[in-house]
Amino acid sequence: MIKLDRVGLSFPGDGAPTEVLKDFSLTVPAGRFVAIVGPSGVGKSTLLRVVAGLLSPNEGTVTINADRQDNPLPVVMVFQDARLLPWRKIEGNVGFGLEHGQVSAAARRERIHAALELVGLEGYGHRYPHELSGGQRQRVALARALAVDPDILLMDEPFAGLDAITRESLQDELSRIHAATGKTVLFVTHSIDEAVYLADEVVAIAGKPGRLAAAIPVAAPRPRTRGAPESAGIAAQLREQLAEPPAA
Ligand SMILES: Nc1ncnc2c1ncn2[C@@H]1O[C@H](COP(=O)(O)OP(=O)(O)O)[C@@H](O)[C@H]1O
Ligand SMILES: [Mg+2]
Numbered sequence: 260m261i262k263l264d265r266v267g268l269s270f271p272g273d274g275a276p277t278e279v280l281k282d283f284s285l286t287v288p289a290g291r292f293v294a295i296v297g298p299s300g301v302g303k304s305t306l307l308r309v310v311a312g313l314l315s316p317n318e319g320t321v322t323i324n325a326d327r328q329d330n331p332l333p334v335v336m337v338f339q340d341a342r343l344l345p346w347r348k349i350e351g352n353v354g355f356g357l358e359h360g361q362v363s364a365a366a367r368r369e370r371i372h373a374a375l376e377l378v379g380l381e382g383y384g385h386r387y388p389h390e391l392s393g394g395q396r397q398r399v400a401l402a403r404a405l406a407v408d409p410d411i412l413l414m415d416e417p418f419a420g421l422d423a424i425t426r427e428s429l430q431d432e433l434s435r436i437h438a439a440t441g442k443t444v445l446f447v448t449h450s451i452d453e454a455v456y457l458a459d460e461v462v463a464i465a466g467k468p469g470r471l472a473a474a475i476p477v478a479a480p481r482p483r484t485r486g487a488p489e490s491a492g493i494a495a496q497l498r499e500q501l502a503e504p505p506a507a
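In the numbering used here, each residue carries its 1-based index in the sequence shown increased by 259.
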């Protein structure tokens, strides 16, 4: 579970500090898929970094409750670029997060295999990153995150760099993986349609400093259909919340 309670965050600048997030509260129960949408610069990546513990808020509190108390790496982040090590084979990249912990070599091989299978890349372990397409490299990044078996996946516009067709297949893959693993997912995107298609709840951030503008549950049954009427209604509501106010 993730719980943010009245979080405020400012970056120091030349003069007054820049307030990026203000009075931001959000609870993500274990196993839930929550999407964060909002325009560029509103503070979405900053929010993920706060949840990941990479930034400390100036105000409010952040509570991360791991489902399993003994989990050494409860939170893992996936970015827009795959950030693979080009000199390592795919299996070496996927196993990267397991090298400094308590995992034995045999267990590591097993986890690498299972993670590659989960993202549909079994048989690719001996290739190098440059031999894969952009979509496949992003699948490897997801496998690397899943291999450490986190309770919480933080995803920062993970599919934004992909073409539309690849993006849709990765969305379906992620939905399937979420259903199969029960991970808690906090997924940032600036695509309202992607958010509504994937999430159990969509949270909109708007304004400067960024505030919670809307939190809308998506009750559509799974597996979902693109362009289902109930999704279109929710997307329209979000567009209205995120629209620039008309100039006075
Ligand atoms: N390390 C930093 N120092 C100063 N300002 C930052 C830093 N990181 C982000 N910002 C500013 O905070 C705001 C929100 O950034 P970000 O969270 O990256 O937005 P988003 O991910 O929604 O596009 C932007 O105005 C950005 O310039
Ligand atoms: Mg960002």
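No residue lacks a Cβ here, since even glycine has one placed at the ideal position from N, Cα and C. All values reported here derive from a predicted model rather than from experimental measurement.
In the three-state reduction of the DSSP assignment, phenylalanine 446 falls in the strand class. Relative to ligand 1, the beta carbon of serine 304 is positioned inside 6 Å of a heavy atom. Across the structure, arginine 403 and alanine 458 are spaced so that their CA atoms are roughly 22 Å apart. In the DSSP assignment, no residue is bridged to methionine 260. Distances taken from the Cβ of phenylalanine 338 to the heavy atoms of ligand 1 include none shorter than 6 Å. Beta-bridge partners assigned by DSSP to aspartate 415: Val447. With a 10 Å radius around the Cβ and a threshold of 16 neighbouring Cβ atoms, threonine 443 comes out buried. In the three-state DSSP reduction, lysine 303 falls in the helix class (H, G or I). The beta-bridge partner set that DSSP reports for proline 476 consists of Glu460. Relative to ligand 1, phenylalanine 292 has its C-beta separated by 6 Å or more from all heavy atoms. The three-state secondary structure of glutamate 358, taken from DSSP, is coil. Around arginine 367, the same chain offers Gly354, Leu357 as residues with beta carbons nearer than 6 Å, after the five sequence neighbours per side are excluded. Considering only Arg396, Ala479, Pro417, the residue with the shortest C-alpha distance to alanine 491 is Ala479. Checking the 6 Å criterion, the Cβ of serine 299 is within range of a heavy atom belonging to ligand 1.
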